[in-house]
Amino acid sequence: MVCNYSRYTWSILLGMIITGSARSIVVKLAYQSGFKAPLTITLLYLLGQSFSLFIYWIQKGLKTNIKALSETKQDESSDNFYQEMPQEKTVELGVRAGDDSGLTNSLSKSSPPVSSDSAPLSSAMYAMYATALYEDEMPNGSNHGLSSQSEERIKWAHLVPFYAKPAIPAILNLLNSALRWASLVYIDASVAEMMISGLELTLSVVAARVFRKRMVAKSRWMGVIIVAIGVIAIERANNSKHQRSGSEENDDDSEIHSGTDVMIGVVLIVLQSILSVLQDVMEEIFMQGTDFPATMMLGMEGLYGFCIGLIIYVTVGDRLRIEDIDSTMSILQTNARLRWWVVGLPFLFLITGVFNIKATEVTSAMTRNVWKNLRTVFVWAIALGIFYLGNNSAYGEAWHTPESYFILFGFIVMTTGIIVYYWYKEQEQSEPVLESKPE
106 MVCNYSRYTW
116 SILLGMIITG
126 SARSIVVKLA
136 YQSGFKAPLT
146 ITLLYLLGQS
156 FSLFIYWIQK
166 GLKTNIKALS
176 ETKQDESSDN
186 FYQEMPQEKT
196 VELGVRAGDD
206 SGLTNSLSKS
216 SPPVSSDSAP
226 LSSAMYAMYA
236 TALYEDEMPN
246 GSNHGLSSQS
256 EERIKWAHLV
266 PFYAKPAIPA
276 ILNLLNSALR
286 WASLVYIDAS
296 VAEMMISGLE
306 LTLSVVAARV
316 FRKRMVAKSR
326 WMGVIIVAIG
336 VIAIERANNS
346 KHQRSGSEEN
356 DDDSEIHSGT
366 DVMIGVVLIV
376 LQSILSVLQD
386 VMEEIFMQGT
396 DFPATMMLGM
406 EGLYGFCIGL
416 IIYVTVGDRL
426 RIEDIDSTMS
436 ILQTNARLRW
446 WVVGLPFLFL
456 ITGVFNIKAT
466 EVTSAMTRNV
476 WKNLRTVFVW
486 AIALGIFYLG
496 NNSAYGEAWH
506 TPESYFILFG
516 FIVMTTGIIV
526 YYWYKEQEQS
536 EPVLESKPE
């Protein structure tokens, strides 16, 4: 199984998994407390993403300052080096070199040693910081499976104006986020996370082949098929659970959805997954194909989406019949704790969004959706813990026998598909455009 990621990439993937799990749990708990406001949460989600612009500006300022500081220190070190060098030593080196001008040029291009008294930090350390923050030499996506056709496929991206590049994924982001938060009204958080992760992985492989012309090995297609089987098993088990529980008396006070609700939730998840995969692919094309900064992409997506979403929210929000906006405002006016929750939620969305888009930047949309499947473990475990360890059975998720075992089986099938997906990666045949990077 090939996963030769750097520590930086592993930290991005781990952050994506943990923060994404927390996001789903926090929103589902709000719904279970009676605050069923998917449109409001969508606006908060987009607002949080727009805050990423501040991260971009801060990062850009730090890069500029450290670059200038590094260049200053290197200039000072170079001056000290030539001032401290004995004249006879310079002449001796010039004679050995046979060309004084060549020696001077050579020395000017090299990094001279720095005296310990000349600066508190060596020029090498400043160069290291400059490389990390200014040049940003972190892996810029995976080239695995890309071919010469892949480059031809995304030539159109270079023709899109700079300000318009985030607009395309922004529209997709607005729609898929509204569908995602609406789906949690009708379906359990853990099941929603499993289905979303499995569907997005399956669809992202298809999208990578269609839109980016990535070469996908037969073993990977086999992994995708196994994941799809797991998703179907989970959906059927979840539907059976709610149909049986709905026909019986609910003694544990846990949240039970009707069969119609579950079907609505499944449809919303399918539509959300399609739009989300298209968004991921567009982000990958613009970030990796045109070097668009990841945090700026996220921030402009959120800003565009928030502006459009706010207009829809104010003008026709009630007509969509997804949320009673007057009721939402009334609840916020009377519940101080919920107001603090609303204030903090955009920052959780910001952190999650940064990890998500950085995961796409350093790997690919396809690989990001592989690792998102691990969120389901955290979401389900936390939901079960809240239900059985908490004091209120209205929160969290109960274990239902035998349906929960079937859901667990479906998750194991999905995990098996992921292992198959990665195990034979080295057998994938492709015509690389650039030197292959870890995926």
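Here the sequence shown is numbered in the working numbering, starting from 106 and rising by one per residue. A virtual CB, placed ideally from N, CA and C, is assigned to each residue, including glycine.
For the options L479, M121, V484, the alpha carbon positioned closest to that of G303 is the one of L479.
Note that the region 299-314 does not touch the region 431-441; fewer than 3 beta-carbon pairs, one per stretch, sit closer than 8 Å.
Selection V336, I456, I416 evaluated against F514 yields V336 as nearest (Cα-Cα). Just measuring C-alpha positions, the residue of I512, M327, S381 sitting nearest N474 is S381. Residues Y409 of the same chain have their beta carbon placed closer than 7 Å to that of A272, with the five preceding and five following residues left out of the count. Contact check between the region 366-380 and the region 252-270: fewer than three CB pairs, one atom from each, fall below 8 Å, which does not count as touching. Contact check between the region 278-297 and the region 136-151: three or more CB pairs, one atom from each, fall below 8 Å, which counts as touching. With a 10 Å radius around the Cβ and a threshold of 16 neighbouring Cβ atoms, L494 comes out exposed.
Sequence-distant partners of L443 (beyond 5 residues in either direction) whose C-beta falls short of 7 Å from its own C-beta, in its chain, are F140, I436, L437.
At a cut-off of 4 residues, the continuous stretches assigned as alpha helix (DSSP H) that sit fully inside the region 248-272 are 253-258. In the DSSP assignment, M320 falls outside any alpha helix (DSSP H), carrying neither H nor E. In the displayed model, T468 falls within coil according to three-state DSSP, outside both helix and strand.
In this structure, the straight-line span from the alpha carbon of L134 to that of V467 is close to 32 Å. With 16 or more other Cβ atoms inside 10 Å of its own Cβ, Y526 counts as buried. Taking C-alpha positions only, A297 is separated from G166 by approximately 40 Å.
Secondary structure in the region 455-521: the alpha helix (DSSP H) runs of 4 residues or longer, each lying completely within the stretch, are 470-476, 480-494 in chain order. The C-alpha of I413 is placed about 15 Å away from the C-alpha of L425. Residues of the same chain with a CB within less than 6 Å of the CB of D423, apart from the 5 flanking positions on each side, are I430 in chain order. Taken in chain order, the whole beta strand (DSSP E) runs of length 3 or more contained in the region 425-450 number zero. The beta carbon of N281 sits closer than 7 Å to the beta carbons of Q377, L380, S381, Q384 from its chain, once the five residues preceding and following it are set aside; these are given in chain order.
One Cα belongs to E340, the other to V132, and the distance between them is close to 21 Å. In the three-state DSSP reduction, P143 falls in the helix class (H, G or I). Taken through DSSP and simplified to helix, strand or coil, N281 comes out as helix. A contact is defined here as three or more CB-CB pairs under 8 Å, and the region 448-455 meets this definition with respect to the region 149-168. The C-beta distance from S126 to F483 rounds to 4 Å, short enough to fall under 8 Å. Within 10 angstroms of the beta-carbon of W476 lie 16 or more other beta-carbons, which makes it buried.
Taking all protein chains shown into account, H263 has fewer than 16 neighbouring C-beta atoms within 10 Å of its C-beta and is therefore exposed. Look at Y110 here: in three-state DSSP terms it is coil, with no helix or strand label. Contact between S157 and L403 holds: CB atoms are separated by about 4 Å, below the 8 Å threshold. The alpha carbon of M405 has as its nearest neighbour, out of Y418, A499, E428, I462, the alpha carbon of I462.
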